[in-house]
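Under the working numbering, the first residue of the sequence shown carries the number 143, and numbering increases by one thereafter. In this text, a Cβ means the ideal position worked out from N, Cα and C, and glycines have one as well.
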Amino acid sequence: MDLVTKAEFARRHGVSKPAVQKWQAQGYLIMSDGKVDVAATDAKLRDARKGRFRSAASQVNPGVNRAVDASTPSVEDAAATIAAFLQRLLDGEYETEAEADRVKANALAGLRALEFQEKAGSLVNLEMAERTLIDTSRAARDAWLNWPSRVGPLAAAELGVEADKATEVLTAHVHKHLEDLAKTGADAEGQS
């Protein structure tokens, strides 16, 4: 005998607690020690064609009153549920308030989990990470581009050659090096 609370019974059937209380007032709930006897109540609801046991012909949306898995949904499951819900809305199939509340609760729980992970430091804000990467890359590029004009005259003096010629040669090599780095970055980006 599977005994659950009214709240758990409502969750399993994808309905609100007030709906379960209404069923109780109508005599459809079989109670034992203050808890709902799932098998007996399901049998009674099936006979009365209530809740998820309504006939397909009388349902506006047959997917609305399906049984809800008692396990905790994963992030992927919640995302898939939300995507399916939105697709049904776009297709013109309107959900019950209970289904909309369930999807909303899952979405809010997902947002709260992401906020917690971000505050705990296990997630990084993508926009901020991209901005930091771009700024760091620009600073490195600028440092490389300025390097020949700083080092060229010093190297020319040590080698006994013209400073302009040394700077020109170093600049050409730095530009080639930066092009190679850009190609490597583009190749790595294309592979991911």
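For residue i, the nearest candidate out of the options (CA to CA)
i	options	result
residue 176	144, 287, 302	144
residue 168	257, 190, 269	190
residue 305	317, 290, 271	290
residue 243	276, 171, 227	227
Alpha carbon of residue i to alpha carbon of residue j, nearest angstrom
i	j	result
residue 273	residue 282	14 angstroms
residue 222	residue 159	25 angstroms
residue 286	residue 295	16 angstroms
residue 311	residue 319	12 angstroms
residue 147	residue 178	6 angstroms
residue 324	residue 308	24 angstroms
residue 152	residue 161	8 angstroms
residue 225	residue 183	32 angstroms
residue 327	residue 279	11 angstroms
residue 164	residue 250	27 angstroms
residue 198	residue 154	Low local confidence applies: a pLDDT of 42 at residue 198 is under 50, so the model's placement there is unreliable, with the coordinate-based value given in what follows. Taking the straight line from one Cα to the other gives about 19 angstroms.
residue 181	residue 267	48 angstroms
residue 254	residue 288	47 angstroms
residue 219	residue 269	26 angstroms
residue 240	residue 156	7 angstroms
residue 314	residue 303	17 angstroms
residue 229	residue 174	40 angstroms
residue 212	residue 321	Per-residue confidence for residue 212 stands at a pLDDT of 47, beneath the threshold of 50, marking its modelled position as unreliable; the derived number appears in the next sentence. Near 56 angstroms, if we compare the C-alpha coordinates of residue 321 and residue 212.
residue 206	residue 234	In this prediction, residue 206 scores a pLDDT of 49, lower than 50, which makes its location untrustworthy; no coordinate-derived value is stated.
residue 317	residue 298	19 angstroms
residue 192	residue 245	22 angstroms
First and last residue of the uninterrupted alpha helix (DSSP H) at residue i
i	result
residue 266	Note, residue 266: premise wrong, no alpha helix (DSSP H); not H, not E.
residue 244	239-262
residue 163	159-167
Beta-bridge partners of residue i, as assigned by DSSP
i	result
residue 145	179
residue 279	In the DSSP output, where bridge partners are listed per residue, residue 279 has none listed.
residue 174	177
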